[in-house]
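**Student:** Handing you this structure, nothing more for now.
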Amino acid sequence: MSDEHDTPEGVNEEVVKMVGDWGGYVEAKLGFRNHWYPVRFSKELAEGEILTVTVLGEQMIMRRIDGKVYAIRDRCLHRGVPLSRKPDCYTKDTITCWYHGYTYRFQTGELVNILAAPDSRLIGKRKIQSFPVEEAQGLIFVFIGDMSPTPPLSQDVPPGFLDEDLMVLGKHRDVNSNWRLGAENGFDTLHIFIHKDTTLRHYRDFNFPIGHTALPGAITLVEDPEGPKGVEDDFSKHNPIWDGLIDGNVVIRGPRSNNVEGTSASVGTSIWLPGVLKVNSFPAPGLTQFEWYVPIDESRHIYVQTIGCKVETEEDRIDFAHNFETTWKPHGLDGFNGDDIWAREVTEPFYQDDYGWVDEMLCEPDSSILAWRRLASRANRGIQKRKDLR
Amino acid sequence: MSDEHDTPEGVNEEVVKMVGDWGGYVEAKLGFRNHWYPVRFSKELAEGEILTVTVLGEQMIMRRIDGKVYAIRDRCLHRGVPLSRKPDCYTKDTITCWYHGYTYRFQTGELVNILAAPDSRLIGKRKIQSFPVEEAQGLIFVFIGDMSPTPPLSQDVPPGFLDEDLMVLGKHRDVNSNWRLGAENGFDTLHIFIHKDTTLRHYRDFNFPIGHTALPGAITLVEDPEGPKGVEDDFSKHNPIWDGLIDGNVVIRGPRSNNVEGTSASVGTSIWLPGVLKVNSFPAPGLTQFEWYVPIDESRHIYVQTIGCKVETEEDRIDFAHNFETTWKPHGLDGFNGDDIWAREVTEPFYQDDYGWVDEMLCEPDSSILAWRRLASRANRGIQKRKDLR
Amino acid sequence: MSDEHDTPEGVNEEVVKMVGDWGGYVEAKLGFRNHWYPVRFSKELAEGEILTVTVLGEQMIMRRIDGKVYAIRDRCLHRGVPLSRKPDCYTKDTITCWYHGYTYRFQTGELVNILAAPDSRLIGKRKIQSFPVEEAQGLIFVFIGDMSPTPPLSQDVPPGFLDEDLMVLGKHRDVNSNWRLGAENGFDTLHIFIHKDTTLRHYRDFNFPIGHTALPGAITLVEDPEGPKGVEDDFSKHNPIWDGLIDGNVVIRGPRSNNVEGTSASVGTSIWLPGVLKVNSFPAPGLTQFEWYVPIDESRHIYVQTIGCKVETEEDRIDFAHNFETTWKPHGLDGFNGDDIWAREVTEPFYQDDYGWVDEMLCEPDSSILAWRRLASRANRGIQKRKDLR
Ligand code: FES
Ligand code: FES
Ligand code: FES
Ligand SMILES: [Fe+2]
Ligand SMILES: [Fe+2]
Ligand SMILES: [Fe+2]
Ligand SMILES: [Mg+2]
Ligand SMILES: [Mg+2]
Ligand SMILES: [Mg+2]
Ligand SMILES: [Mg+2]
Ligand SMILES: [Mg+2]
Numbered sequence: 001m002s003d004e005h006d007t008p009e010g011v012n013e014e015v016v017k018m019v020g021d022w023g024g025y026v027e028a029k030l031g032f033r034n035h036w037y038p039v040r041f042s043k044e045l046a047e048g049e050i051l052t053v054t055v056l057g058e059q060m061i062m063r064r065i066d067g068k069v070y071a072i073r074d075r076c077l078h079r080g081v082p083l084s085r086k087p088d089c090y091t092k093d094t095i096t097c098w099y100h101g102y103t104y105r106f107q108t109g110e111l112v113n114i115l116a117a118p119d120s121r122l123i124g125k126r127k128i129q130s131f132p133v134e135e136a137q138g139l140i141f142v143f144i145g146d147m148s149p150t151p152p153l154s155q156d157v158p159p160g161f162l163d164e165d166l167m168v169l170g171k172h173r174d175v176n177s178n179w180r181l182g183a184e185n186g187f188d189t190l191h192i193f194i195h196k197d198t199t200l201r202h203y204r205d206f207n208f209p210i211g212h213t214a215l216p217g218a219i220t221l222v223e224d225p226e227g228p229k230g231v232e233d234d235f236s237k238h239n240p241i242w243d244g245l246i247d248g249n250v251v252i253r254g255p256r257s258n259n260v261e262g263t264s265a266s267v268g269t270s271i272w273l274p275g276v277l278k279v280n281s282f283p284a285p286g287l288t289q290f291e292w293y294v295p296i297d298e299s300r301h302i303y304v305q306t307i308g309c310k311v312e313t314e315e316d317r318i319d320f321a322h323n324f325e326t327t328w329k330p331h332g333l334d335g336f337n338g339d340d341i342w343a344r345e346v347t348e349p350f351y352q353d354d355y356g357w358v359d360e361m362l363c364e365p366d367s368s369i370l371a372w373r374r375l376a377s378r379a380n381r382g383i384q385k386r387k388d389l390r
Numbered sequence: 001m002s003d004e005h006d007t008p009e010g011v012n013e014e015v016v017k018m019v020g021d022w023g024g025y026v027e028a029k030l031g032f033r034n035h036w037y038p039v040r041f042s043k044e045l046a047e048g049e050i051l052t053v054t055v056l057g058e059q060m061i062m063r064r065i066d067g068k069v070y071a072i073r074d075r076c077l078h079r080g081v082p083l084s085r086k087p088d089c090y091t092k093d094t095i096t097c098w099y100h101g102y103t104y105r106f107q108t109g110e111l112v113n114i115l116a117a118p119d120s121r122l123i124g125k126r127k128i129q130s131f132p133v134e135e136a137q138g139l140i141f142v143f144i145g146d147m148s149p150t151p152p153l154s155q156d157v158p159p160g161f162l163d164e165d166l167m168v169l170g171k172h173r174d175v176n177s178n179w180r181l182g183a184e185n186g187f188d189t190l191h192i193f194i195h196k197d198t199t200l201r202h203y204r205d206f207n208f209p210i211g212h213t214a215l216p217g218a219i220t221l222v223e224d225p226e227g228p229k230g231v232e233d234d235f236s237k238h239n240p241i242w243d244g245l246i247d248g249n250v251v252i253r254g255p256r257s258n259n260v261e262g263t264s265a266s267v268g269t270s271i272w273l274p275g276v277l278k279v280n281s282f283p284a285p286g287l288t289q290f291e292w293y294v295p296i297d298e299s300r301h302i303y304v305q306t307i308g309c310k311v312e313t314e315e316d317r318i319d320f321a322h323n324f325e326t327t328w329k330p331h332g333l334d335g336f337n338g339d340d341i342w343a344r345e346v347t348e349p350f351y352q353d354d355y356g357w358v359d360e361m362l363c364e365p366d367s368s369i370l371a372w373r374r375l376a377s378r379a380n381r382g383i384q385k386r387k388d389l390r
Numbered sequence: 001m002s003d004e005h006d007t008p009e010g011v012n013e014e015v016v017k018m019v020g021d022w023g024g025y026v027e028a029k030l031g032f033r034n035h036w037y038p039v040r041f042s043k044e045l046a047e048g049e050i051l052t053v054t055v056l057g058e059q060m061i062m063r064r065i066d067g068k069v070y071a072i073r074d075r076c077l078h079r080g081v082p083l084s085r086k087p088d089c090y091t092k093d094t095i096t097c098w099y100h101g102y103t104y105r106f107q108t109g110e111l112v113n114i115l116a117a118p119d120s121r122l123i124g125k126r127k128i129q130s131f132p133v134e135e136a137q138g139l140i141f142v143f144i145g146d147m148s149p150t151p152p153l154s155q156d157v158p159p160g161f162l163d164e165d166l167m168v169l170g171k172h173r174d175v176n177s178n179w180r181l182g183a184e185n186g187f188d189t190l191h192i193f194i195h196k197d198t199t200l201r202h203y204r205d206f207n208f209p210i211g212h213t214a215l216p217g218a219i220t221l222v223e224d225p226e227g228p229k230g231v232e233d234d235f236s237k238h239n240p241i242w243d244g245l246i247d248g249n250v251v252i253r254g255p256r257s258n259n260v261e262g263t264s265a266s267v268g269t270s271i272w273l274p275g276v277l278k279v280n281s282f283p284a285p286g287l288t289q290f291e292w293y294v295p296i297d298e299s300r301h302i303y304v305q306t307i308g309c310k311v312e313t314e315e316d317r318i319d320f321a322h323n324f325e326t327t328w329k330p331h332g333l334d335g336f337n338g339d340d341i342w343a344r345e346v347t348e349p350f351y352q353d354d355y356g357w358v359d360e361m362l363c364e365p366d367s368s369i370l371a372w373r374r375l376a377s378r379a380n381r382g383i384q385k386r387k388d389l390r
């Protein structure tokens with residue numbers, strides 16, 4: 001849906017043209033517009049409190065009012081100051097700008113008064129940008145864009161994520177790389193090489209090749225108009241690589257367990273618009289990792305890491321919560337994924353001026369990444385631009 | 001006096017065109033050229049000492065010689081180094097560059113010798129830029145420009161400032177915002193809202209509305225060709241706002257005193273080229289606050305804050321000096337104006353790329369600010385440009 | 001050899017045109033390409049160890065293998081990450097990228113395997129950039145460029161530097177200025193003025209004028225096609241300046257010794273492509289200082305300082321090593337040249353946007369610097385550009 005004659009400011013047009021059918025992906029330095037993004041966990045915003053987040057370059061201020069979360073742009077219409085720098089909330093559902101008293105209703109963005117100039121004809125006639133908000137599985141999702149009607153959240157999360165019997169726990173942190181380097185790191189089958197020394201191996205028994213190559217049929221595109229759009233990669237249709245050779249000698253070996261079947265630590269991954277990964281049977285059989293790479297700006301993203309577990313009883317919930325805190329959070333989300341965060345940040349400089357997209361030298365197994373770039377380019381609902389922030 | 005076909009480097013031309021009759025003001029990111037600016041207090045520069053300041057992007061070095069202050073550009077003609085980085089003053093009225101010995105006379109800027117190359121034909125034939133300097137009311141004023149003859153200082157200060165029976169005391173500090181956000185913050189009648197919690201109220205009894213709106217006749221333009229050019233705002237012709245309402249309920253009230261007449265803490269303000277505010281009867285009856293917003297560069301200004309008091313006797317002088325140190329400096333210039341400084345710095349990012357000048361959403365009482373922008377655009381003596389610094 | 005229709009990114013084209021016959025020098029902000037540069041001392045890289053340096057914008061990783069040093073670009077072909085961030089050397093002469101296992105041979109740059117994807121058709125068909133390396137006089141020299149065959153090192157060092165009976169000792173440090181301000185500071189005869197207070201005078205008896213002017217015949221161009229290209233300045237053909245006068249009075253005097261002949265601390269200097277200075281009889285008679293200004297990027301250089309001494313016996317070597325450590329390093333390379341480093345860094349801002357090259361006001365004795373700029377512009381082997389780094 002990107003308009004090729006209107007490359008966003010700060011994106012290299014020459015590169016957009018060179019990459020051909022995934023130019024929209026190169027343009028999406030600031031993310032895809034008109035999509036849902038998780039920005040915080042629900043438990044981080046109590047009744048009556050406010051919270052400020054920046055997503056796709058938008059700084060917004062959120063408040064929970066009678067249980068529901070509302071979000072408006074954190075920039076006064078009058079002279080552009082952040083409302084959050086000195087939040088004046090005189091009523092439950094409004095915020096008043098500290099500078100001259102412009103007062104906005106959280107639910108609608110409406111300018112309901114100007115305390116220092118109550119006769120102004122602007123009152124009731126102007127609105128600050130407001131953002132649709134939904135909560136699901138313990139996450140606060142915000143819709144960045146102006147599409148109407150707003151598409152359902154279910155189109156922007158991986159299949160299964162909204163299942164009622166799925167219990168989801170997680171954490172988030174800011175990473176100093178563009179969001180696409182997060183997404184590609186996650187979906188990249190070859191990058192398993194970086195995890196060869198992971199401490200996670202001390203917490204579960206697994207087969208962990210040093211690489212693997214997709215065979216025909218492993219990669220599937222999912223483009224159902226009513227559902228999420230993504231690319232699936234089935235690891236049961238991969239050739240695992242167990243030994244690394246240099247000049248004919250084995251120099252490194254992937255660990256293999258006598259007790260475990262399957263060729264890899266996971267049975268497959270998939271990546272979905274607007275930038276969310278699903279890792280099946282990971283960090284352990286019976287679990288699913290869902291993780292988002294939410295653009296903050298051109299060079300940072302929020303890494304929203306979650307693990308889902310099917311639960312039936314309260315005991316199941318207690319068990320999962322315990323295992324999450326004692327094993328999967330410290331050794332999976334922190335330990336194992338710590339390598340990924342480090343890699344994304346080290347990769348960032350090469351892509352910062354966009355030339356990386358043409359100067360890189362991909363190899364055959366990277367075709368799954370190319371499939372994602374192409375799908376994202378044709379199936380996104382818009383490219384976020386700096387001028388959308390004005 | 002700005003030339004619309006020669007927008008300064010670093011100023012957004014699109015915005016200059018959009019704002020129409022105050023394009024010159026948008027262009028004046030680095031200040032207005034060919035005007036007088038106070039840069040330091042006289043007492044800060046003793047006989048024989050040197051001082052370096054940056055004004056409108058110009059770094060200059062000043063010295064007091066036989067009582068009089070002289071200023072030259074702080075950048076050697078030869079290879080551009082700052083003379084001040086290692087000042088070599090071998091005689092009372094010269095400075096020698098530490099690198100190769102180019103030697104300049106403070107009074108004229110003349111290159112009087114090159115110590116390492118005394119046969120050079122440049123000697124006596126070249127001049128470093130020198131700046132006219134005047135002292136008045138305890139302030140050192142510098143003229144930035146090349147207009148000849150230099151206009152009188154009296155045209156660049158508010159009426160009354162040079163009165164012989166006025167005693168002036170003050171302080172200065174650097175503020176991280178463009179100078180125009182300083183000027184507009186000061187002249188802005190609505191911004192009284194920000195001072196609603198000021199500690200100054202504990203030091204004087206006053207009526208302090210949360211806003212006020214000019215009635216017809218409150219705003220007057222002053223454009224006498226022989227005098228200073230400015231805009232005056234008479235608070236006796238204002239509607240004060242005492243109560244702030246949201247959804248029909250009073251949520252905030254401005255303090256009112258039974259002992260004081262008048263609707264505001266001051267009886268009126270005025271703003272003058274090149275960027276100086278006069279606040280009548282402030283910080284208390286019998287006093288006048290004069291304050292300058294002197295551009296340092298595009299994103300910083302020197303905030304020169306002074307209070308004037310009419311004095312007749314030595315006892316009057318001692319009284320004012322005492323009150324200044326114990327009350328008006330700590331609770332006015334520091335406490336009350338501290339809110340202003342904070343507000344300017346928070347406003348800066350919105351205007352930094354110039355789009356703020358068109359993206360802002362002014363309301364009716366801001367018409368006084370628009371009057372100032374228009375007057376400044378037509379009555380200034382020139383726009384400072386980066387290339388003026390080469 | 002510079003192409004005037006292809007000014008490097010980040011260099012001001014207007015300035016290049018204005019300077020006329022030394023435009024290539026202005027363009028060479030990132031240095032001259034296709035030349036040899038010393039980057040480290042041989043003793044800094046032991047057998048099997050690796051070292052990372054950045055020269056002319058190129059980040060490279062070097063390893064010593066069986067005594068010989070090899071250098072390749074420190075940026076993986078695959079996705080651009082620095083190999084050095086987590087060096088995986090599984091064999092003596094290869095390095096494997098930590099991310100996906102691309103493996104390169106140091107001697108050739110050849111992609112010898114991809115550990116995570118050993119079936120890739122890229123293997124054996126791609127090369128990472130490798131750089132010719134030579135060692136001489138205890139320094140590791142790297143050739144930055146793509147000229148073939150590689151010109152001999154002897155064309156890029158000052159005459160005499162490679163003499164077999166010359167013993168060379170030195171140090172290096174990074175300086176925050178463009179390399180040309182280093183080169184010009186060194187060759188600049190007038191800058192002797194900055195050394196008037198040097199502590200070196202306590203360690204040797206010398207005549208030290210505050211300036212000196214070349215007489216006809218002092219400056220000689222050397223442009224032998226088979227040898228190094230440079231400009232020589234013979235101090236015996238100079239007029240020394242002993243007294244500095246202002247308004248007819250002597251204000252400063254250069255020190256003169258009764259025990260020493262000659263008009264200066266050195267008998268002459270010369271400067272050579274690609275940016276190396278030779279100072280004859282300095283820091284003391286019998287010694288020669290050779291120093292390089294090796295571009296790191298547009299605003300930094302490696303200052304490689306060496307002193308050469310003719311030696312015949314082992315005792316000569318021990319004597320020189322002792323004197324170097326106790327006198328010439330602390331009082332020459334650190335003390336005396338410390339003034340030079342400071343001056344270059346203070347000069348940097350004036351030249352950073354290139355306008356300094358036209359806004360400077362050179363005087364007659366600076367003609368030697370102009371001779372160097374012209375020679376460098378016509379005799380260099382190429383201009384390094386940002387796009388050479390892609
Ligand atoms: S800037 Fe918010 S009310 Fe004026
Ligand atoms: S730079 Fe000032 S005299 Fe040379
Ligand atoms: S980035 Fe080096 S192997 Fe992938
Ligand atoms: Fe990973
Ligand atoms: Fe104020
Ligand atoms: Fe020197
Ligand atoms: Mg390429
Ligand atoms: Mg806008
Ligand atoms: Mg507007
Ligand atoms: Mg100039
Ligand atoms: Mg010039």
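Residue numbers (full-length UniProt numbering), protein chains in the order written: chain D, 1 to 390; chain A, 1 to 390; chain C, 1 to 390.
Glycine included, C-beta positions come from ideal geometry on N, C-alpha and C.
#1: Mind checking who T103 (chain C) pairs with in its DSSP beta bridge?
#2: Using 8 Å as the limit for Cβ to Cβ distance, is P341 (chain C) near chain A?
#3: Under 7 Å: does the beta carbon of N207 (chain A) sit that close to some heavy atom of ligand 5?
#4: Roughly how many angstroms separate the alpha carbons of V346 (chain A) and V39 (chain D), rounded to a whole number?
#5: Run the Cβ filter for me: residues under 6 Å from any heavy atom of ligand 1, listed in the order they occur in the chain.
#6: Check the Cβ-Cβ distances between V346 (chain A) and every residue of chain D, and say whether any is below 8 Å.
#7: Of all the CB atoms in chain C, is at least one closer than 8 Å to the CB of G275 (chain D)?
#8: What separation, rounded to the nearest whole angstrom, lies between the Cα atoms of A371 (chain C) and E223 (chain C)?
#9: Residues of chain C with CB closer than 7 Å to the CB of V251 (chain D), please, in chain order.
#10: Select from A:I296, A:D163, A:D188 and A:N380 the residue whose C-alpha is nearest the C-alpha of A117 (chain D).
#11: Does the Cβ-Cβ distance between H172 (chain D) and V53 (chain D) come in under 8 Å?
#12: Just checking my contact of P365 (chain D) with K278 (chain D) at CB under 8 Å: how many whole Å lie between their CB atoms?
#13: For D165 (chain D), which residues in the same chain have their Cβ closer than 7 Å to its Cβ, ignoring the five residues on either side in sequence?
#14: Can you grab the Cα-Cα spacing for the pair Y104 (chain D) / N113 (chain D), in whole Å?
#15: Return the Cβ separation of P209 (chain C) and G254 (chain C) in integer angstroms, given the expectation that the two are a contact with Cβ distance under 8 Å.
**Tutor:** Taking the coordinates as given:
#1: The count along the third sequence starts at 1 and reaches residue 103 (chain C) at position 103. Looking at the DSSP assignment, T103 (chain C) forms a beta bridge with C:T96 and C:N113.
#2: On the third sequence, residue 341 (chain C) is found 341 positions in, with the first residue counted as 1. Just to set this straight, residue 341 (chain C) is Ile in the shown sequence, not Pro. Contact with chain A is absent for I341 (chain C), since none of that chain's Cβ atoms lies less than 8 Å from the residue's Cβ.
#3: By 1-based counting over the second sequence, the position of residue 207 (chain A) is 207. Not so, every heavy atom of ligand 5 lies at least 7 Å from the Cβ.
#4: Counted from its first residue, the second sequence places residue 346 (chain A) at position 346. Counted from its first residue, the first sequence places residue 39 (chain D) at position 39. Roughly 25 Å separates the two Cα atoms.
#5: So the residues near ligand 1 by this Cβ test are D:C76, D:H78, D:R79, D:V81, D:C97, D:Y99, D:H100, D:G101 and D:Y102.
#6: As a first step, residue 346 (chain A) must be located in the second sequence, where it is residue number 346. Closer than 8 Å to some Cβ of chain D, the Cβ of V346 (chain A) qualifies, so yes.
#7: Locating residue 275 (chain D) in the first sequence gives position 275, where the first residue counts as 1. For G275 (chain D), the answer is no, since every Cβ of chain C falls outside 8 Å of its Cβ.
#8: As a first step, residue 371 (chain C) must be located in the third sequence, where it is residue number 371. As a first step, residue 223 (chain C) must be located in the third sequence, where it is residue number 223. When rounded, the distance between both Cα atoms is 12 Å.
#9: What you label residue 251 (chain D) is simply residue 251 of the first sequence in a count that begins at 1. Correct list: Y90 and T91.
#10: Position 117 of the first sequence, counted from the start, is the residue given in the question as residue 117 (chain D). Closest option to A117 (chain D), Cα to Cα, is A:D188.
#11: Translated into positions along the first sequence, residue 172 (chain D) becomes position 172. Translated into positions along the first sequence, residue 53 (chain D) becomes position 53. At the C-beta level, H172 (chain D) and V53 (chain D) stay beyond 8 Å of one another.
#12: Your numbering for residue 365 (chain D) matches position 365 in the first sequence. Your numbering for residue 278 (chain D) matches position 278 in the first sequence. By a beta-carbon distance limit of 8 Å, P365 (chain D) does not contact K278 (chain D). Their separation comes to about 19 Å.
#13: Mapped onto the first sequence, residue 165 (chain D) falls at position 165. Same-chain partners within the cutoff: K310, V311 and E312.
#14: Looking up residue 104 (chain D) in the first sequence gives position 104. Looking up residue 113 (chain D) in the first sequence gives position 113. Y104 (chain D) and N113 (chain D) have their C-alpha atoms roughly 7 Å apart.
#15: If you number the third sequence from 1, residue 209 (chain C) lands on position 209. If you number the third sequence from 1, residue 254 (chain C) lands on position 254. Indeed, because the Cβ distance is near 4 Å, the residues count as touching under 8 Å.
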